[in-house]
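In this note's numbering, the protein residues as written are 5 to 224. The next block holds one structure in the form of structure tokens; read it before the comments.
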């Protein structure tokens with residue numbers, strides 16, 4: 005079975021959804037030990053216009069972005085961020101929303117694509133999310149991305165070539181185009197075996213049901 009997941013590494017619901025899916029997969033694998041499940045991460049940019057390289061102290065915060073995008077007051081946006089941080093804490097995650105700054109994730113997705121080819125997709129995905137949500141680092145910064153890639157075990161020369169050029173850019177764009185082609189306009193979006201779609205950070209039980217339905221469809 006294959007699960008394609010369209011996600012952005014700065015999307016808080018995507019990390020929550022990932023944790024819920026992981027819990028559902030643990031139970032599913034225990035129940036169906038002979039059924040292999042492959043997870044493929046697909047790129048999606050929540051803000052393609054965000055600044056791409058480096059960063060500055062003037063970068064927009066998450067709360068400022070929410071205020072601008074949804075017409076909230078800054079206080080309302082900050083309260084929303086704090087509620088999200090509480091949801092993170094319930095899952096053993098940390099969201100330092102006061103430090104997080106908005107920047108492009110295009111290069112982070114390129115790094116993730118390189119990691120997938122080296123069998124390090126999950127390691128890099130987790131490191132990217134932790135860098136943004138917990139450590140307040142800018143995922144448009146080549147130094148940050150280089151440290152994440154090498155720290156996850158990717159070859160240093162491959163990481164250097166990636167960050168000095170546009171390698172894997174086509175794959176990121178293909179993922180984004182594929183999302184549009186199947187009607188994905190928000191993340192996280194999970195597609196089970198190319199036939200069953202689940203959108204959003206659904207409860208563990210919903211992902212469990214989706215896994216069972218996908219398995220039943222394969223066996224029909």
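In this text, a Cβ means the ideal position worked out from N, Cα and C, and glycines have one as well. Just so you know, these numbers come straight off a predicted model, no measurement behind them.
Apart from the 5 residues on each side of it in sequence, residue 140 sits with its Cβ closer than 6 angstroms to the Cβ of 100, 103, 104 in its chain, given in chain order. Setting aside the 5 residues that flank it on each side, residue 110 is surrounded in the same chain by 49, 56, 176, each with a C-beta closer than 7 angstroms to its C-beta; the list follows chain order. Excluding residues up to 5 positions away in sequence, 125, 127, 128, 129, 153, 156, 158 lie with their Cβ nearer than 8 angstroms to the Cβ of residue 119 in the same chain.
Apart from the 5 residues on each side of it in sequence, residue 10 sits with its Cβ closer than 6 angstroms to the Cβ of 46, 48, 183, 188, 191, 193 in its chain, given in chain order. Judged by DSSP in its simplified three-state form, residue 45 adopts strand.
At the C-beta level, residue 19 and residue 133 come within 8 angstroms of one another. Apart from the 5 residues on each side of it in sequence, residue 69 sits with its Cβ closer than 7 angstroms to the Cβ of 106 in its chain, given in chain order.
According to the DSSP secondary-structure assignment, residue 7 is paired through a beta bridge with 43, 196. With fewer than 16 other beta carbons inside 10 angstroms of its own, residue 186 counts as exposed. For the options 218, 89, 51, the alpha carbon positioned closest to that of residue 200 is the one of 218. About 22 angstroms separates the beta carbon of residue 137 from that of residue 7, a gap too long to meet the 8 angstroms contact definition. Just so you know, the alpha carbons of residue 37 and residue 151 end up roughly 36 angstroms apart. Residue 85 and residue 205 have their alpha carbons spaced roughly 16 angstroms apart.
Excluding the 5 residues flanking it on each side, residue 16 has same chain C-beta neighbours closer than 6 angstroms at 88, in chain order. Scanning its chain for C-beta atoms nearer than 7 angstroms, with the 5 sequence neighbours on each side dropped, one finds around residue 71 the residues 77, 78, 81, in chain order. Within the same chain, 7, 9 come within 7 angstroms of residue 43 by CB-CB distance, once the 5 residues on both sides are set aside.
Closest in alpha carbon position to residue 12, among 51, 5, 64, is 51. DSSP places residue 107 in the coil class of the three-state scheme, outside both helix and strand. Going by beta carbons, residue 74 and residue 117 fall outside the 8 angstroms limit.
Cβ atoms of residue 41 and residue 29 come within 8 angstroms of each other, at about 6 angstroms. DSSP, reduced to helix, strand and coil, places residue 203 within a strand of the structure shown. Under the three-state reduction of DSSP, residue 65 is assigned to strand. Along the segment 130-211, the beta strand (DSSP E) occurs as fully enclosed runs of 3 or more residues at 193-196, 200-203, listed in sequence order.
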